[in-house]
Every structure is written in C-alpha cells, then in structure tokens.
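Report on the structure given below.
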Amino acid sequence: MNVADALKILGLDKNPSASQLKSAYKKLALEFHPDRNPGDPEAEKRFKQVVIAHETLQNPKRSAVRATPRGRSSARRKGEYEELWEDIFSHIFKNAREPADEKKSTSRDLHAQVEVTLEELTRDSEKDVAVSRRVRCASCGGRGAEAGARRSACPACKGAGEVRYRQGLAELWVPCSACDGSGEHTGLACRVCGGEGITRKRENLRVAIPAATREGAQIRIKGMGHEDAGEAGDLIVTVRAKAHPVFRREGNDVVLDLPVSFSQAALGHEALVPTLKGAQKIKIPAGTQSGREFRLKGEGLSPAGGRNTGDLRVRVIVETPTKLGERQREILDELQRISSPSNHPRTRTFLEKMKSLLE
Ligand SMILES: [Zn+2]
Ligand SMILES: [Zn+2]
Numbered sequence: 024m025n026v027a028d029a030l031k032i033l034g035l036d037k038n039p040s041a042s043q044l045k046s047a048y049k050k051l052a053l054e055f056h057p058d059r060n061p062g063d064p065e066a067e068k069r070f071k072q073v074v075i076a077h078e079t080l081q082n083p084k085r086s087a088v089r090a091t092p093r094g095r096s097s098a099r100r101k102g103e104y105e106e107l108w109e110d111i112f113s114h115i116f117k118n119a120r121e122p123a124d125e126k127k128s129t130s131r132d133l134h135a136q137v138e139v140t141l142e143e144l145t146r147d148s149e150k151d152v153a154v155s156r157r158v159r160c161a162s163c164g165g166r167g168a169e170a171g172a173r174r175s176a177c178p179a180c181k182g183a184g185e186v187r188y189r190q191g192l193a194e195l196w197v198p199c200s201a202c203d204g205s206g207e208h209t210g211l212a213c214r215v216c217g218g219e220g221i222t223r224k225r226e227n228l229r230v231a232i233p234a235a236t237r238e239g240a241q242i243r244i245k246g247m248g249h250e251d252a253g254e255a256g257d258l259i260v261t262v263r264a265k266a267h268p269v270f271r272r273e274g275n276d277v278v279l280d281l282p283v284s285f286s287q288a289a290l291g292h293e294a295l296v297p298t299l300k301g302a303q304k305i306k307i308p309a310g311t312q313s314g315r316e317f318r319l320k321g322e323g324l325s326p327a328g329g330r331n332t333g334d335l336r337v338r339v340i341v342e343t344p345t346k347l348g349e350r351q352r353e354i355l356d357e358l359q360r361i362s363s364p365s366n367h368p369r370t371r372t373f374l375e376k377m378k379s380l381l382e
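For the sequence shown, my numbering assigns the number 382 to the last residue and increments by one with no breaks.
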C-alpha cells in the first residue's frame, strides 16, 4: 500500500500530525472492528485496510521495503507483506468469532488437537495440549457484578486503550473495542470477567497418548471441558499423525521405500535402513526385483499389551540410472549385447506370450 492510498483510506490530508493519524485510526478501526461487526465480510475488509493504512503511515520505511512494487518481484513482495498481516488478522478474527460461535453451541465439550510423530507412537507418551477453557469467574463467583465498583481500568486492555496482536516479528496495535479505546471501565460489572461471569483460562493440559494410536482417534478427558452453570464438560483431543519424511503407516505396519541402484539390485547389496528405533542392516540378495518387500518382524508399532505388533516393511525400488556418461553407456551397451534371455525371465515369458498371440 502506498502513502497516498493509506491517507485516502483514513480520510486524511497530506502530512497529518501524529495525533490526527491516531484519532482517525481509532475512529475507523473501532467502526469496522470485528467484535462489533461479527460475520460481516465487508467490515472485515475495511478493517484490514484501515490497519494496513495505519501501519503504512506509521512506518513508511518499513512498509515500503515489504510492500513497494519493485520490478518483477513486486507480486511476490506484495504477497509476502499481505501474508504477514493475514496471519495477524486471522488471529484477531479467530478471537472475535470464538465467543459468538460457542454461544450457539450448548455443548460444554472442549475440542483440541494434538500432533504426534510416528516415533512417539512407538510407546505410550504424554503431550501437553494448550487449551482455552471457559471457567466460572473466580473474582465474582460467576455473578458478573462487582459490588460498589467505581471507575477502573478496562479489563480487556488493562487500561492501555489498545490491544496488541503479535505474530512472529510482526505486531500491531488495535484500539480496544471494550472501552472505545479509552482504557477506562465504568459501571458495576465485574472487572475480571467484564460482567459475563465466565472467564477464559489458558491451560496446558497433559494428555496420555497410548502407543499405536490411530490418526483421527479421539481421547476424552472427563471434566476438563468448559464450565457452565457449575457443570463442566469434557475435553476431547483428536490425535493427528505428523507426516514422516521416510516412513508411512499401514495399520500397525510401517512401510519404507528403499531406492536401490540397478547394479546393486543385480549384484546384491547390504543396505543400512532406518527403523523407528535406529538403523539396521538388511541384505538385498543378487537379482532382487523392484517392488520386492523385506519384512523386519516386530519393528512396526505395538499397541498396548503387545498384541498385533506391526512389522517394518522395506520395499525395494530399483532405480534406473539416468544421465549416463559415455563410458557408462558403453558398459551397459556391452551388457545388453551379452545378456541372454535367461538373465531376464520375465521378459522372456512376456515375449513368448506375445508370440503366441500373434501367431
Ligand atoms: Zn479497553
Ligand atoms: Zn467476574
């Protein structure tokens, strides 16, 4: 975004003073704030423009580095800049939407996900899951009212009048929508929960993940969901399997594709293969065909009790050499010339079948 566009979006003349910029930003950011326009995509768009315009005018140099089109790479630069802010915006809009979404749902169950690696699934393990639970406000006992409360600091922004959003190195300040950016809170509502009687509690909960748990499995933890009207729901944790760079899972088996060169497959080869617990040598006998599987017993995943323990299946993929040099070509030429049908039984069978078809 360039300075002229930014000025236009904020309705400012050239060279605004810092206070003019601040007050125009405050007014427009609050008008289009996601908290005040839930589910309104037009307001969301305007809000983003207003925040980016403010950022552009506040840090003209920094924004220019990221956002100014420069020749061919302009599209990418612009994309990166917008991506950066998209991250922060998604955070703002997620927070803004959460309460509205949950009001509709009567469920007290709290959902979370946990990502586990294949290595972690080789044994029973424990994972910390960060959750944000609705709990009864301890300050007002859930009543929402504060007896004899006077003018006090706004609970949402702790009196700052602004709320900071942060994502990696980028951060932005947005006027607090709870107090109109004043930082003050008047009235008799509880200052901790803002009168709702419920507060959000961020917690790290430890979840036990049994060995060999399947992708998509749900683990239910009683009483660790949201608290409403004195009752608590459950926490339901969905297990997500993290993709492994070399292994893939099939039931309790673990499958590995092992590339082997053409000559290694023909001559025989001792290969070092990774397992979930380290590495092992396996013997690839001379004449091994592509697709052949070698089974390492018990090297797969083992569910509780040790029954149905899987294997590690090493599947040989014979790689045809490419980008041959002259000498290599000569050798292979020579090899082809002196090969006999008995060296290639599959080819021989195929040719015989074809012959009978054509006869
Ligand atoms: Zn506030
Ligand atoms: Zn309260």
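Yeah, the Cβ is synthetic: ideal placement off N, Cα and C, and Gly gets one too.
If you're wondering where the values come from, they're calculated on a predicted model, not measured in any experiment.
Which one of the options has the shortest CA to CA distance from residue i?
i: residue 56; options: 202, 311, 193 and 157; result: 202
i: residue 207; options: 195, 189 and 181; result: 181
i: residue 164; options: 113, 229, 250 and 33; result: 250
i: residue 275; options: 310, 288, 322 and 229; result: 322
i: residue 351; options: 331, 285, 175 and 378; result: 285
i: residue 144; options: 377, 332, 179 and 158; result: 332
i: residue 224; options: 155, 167 and 263; result: 155
i: residue 320; options: 254, 198, 327 and 337; result: 337
i: residue 265; options: 287, 236 and 288; result: 236
i: residue 328; options: 356, 379 and 233; result: 233
i: residue 214; options: 198, 166 and 196; result: 166
How is residue i classed by DSSP in three states: helix, strand or coil?
i: residue 251; result: strand
i: residue 276; result: strand
i: residue 94; result: Only weak support is given to the placement of residue 94: the predicted model assigns it a pLDDT of 45, under 50, and the value that follows is read from those uncertain coordinates. If DSSP states are grouped into helix, strand and coil, residue 94 belongs with the helices.
i: residue 231; result: strand
i: residue 266; result: coil
i: residue 397; result: What is shown of the chain runs 24 to 382, which leaves residue 397 out entirely.
i: residue 49; result: helix
i: residue 43; result: helix
i: residue 73; result: helix
i: residue 382; result: coil
i: residue 369; result: helix
i: residue 134; result: strand
Near residue i, which residues of its chain fall below 6 Å by C-beta distance, leaving aside the five closest residues on each side in sequence?
i: residue 282; result: 340 and 342
i: residue 259; result: 132, 134, 241 and 243
i: residue 60; result: 66
i: residue 298; result: 322 and 335
i: residue 88; result: Interpretation of residue 88 is limited by its pLDDT of 45, a score under 50 that renders its predicted location unreliable; the figure taken from the coordinates is listed afterwards. Around residue 88: no qualifying Cβ.
i: residue 246; result: 255
i: residue 138; result: 263 and 265
Just reading off the beta strand (DSSP E) that residue i is part of, what are its end residues?
i: residue 298; result: 292-298
i: residue 303; result: 301-307
i: residue 317; result: 316-319
Apart from the five residues just before and just after residue i, which ones in its own chain have a Cβ nearer than 8 Å to its Cβ?
i: residue 44; result: 33, 35, 77, 80 and 81
i: residue 122; result: Residue placement at residue 122 is flagged as unreliable, the pLDDT there being 49, under the threshold of 50; the coordinate-derived value follows with that caveat. The answer is none, since no qualifying residue turns up.
i: residue 158; result: 221, 222, 223, 224, 249 and 250
i: residue 49; result: 198 and 204
For residue i versus residue j, is the C-beta spacing smaller than 9 Å?
i: residue 132; j: residue 256; result: yes
i: residue 226; j: residue 302; result: no
i: residue 160; j: residue 216; result: yes
i: residue 141; j: residue 296; result: no
i: residue 271; j: residue 239; result: no
i: residue 291; j: residue 268; result: no
i: residue 280; j: residue 228; result: no
For residue i, collect the residues of the same chain with a Cβ closer than 7 Å to its Cβ; drop the 5 residues on either side in sequence, then sort them by chain order.
i: residue 72; result: 32
i: residue 194; result: 187 and 188
Which residue comes first and which comes last in the alpha helix (DSSP H) that contains residue i?
i: residue 31; result: 26-33
i: residue 356; result: 349-361
Tell me whether residue i counts as near ligand 4, meaning its Cβ is closer than 8 Å to at least one heavy atom of that ligand.
i: residue 204; result: For ligand 4, the structure offers nothing, since it holds only ligand 1 and ligand 2.
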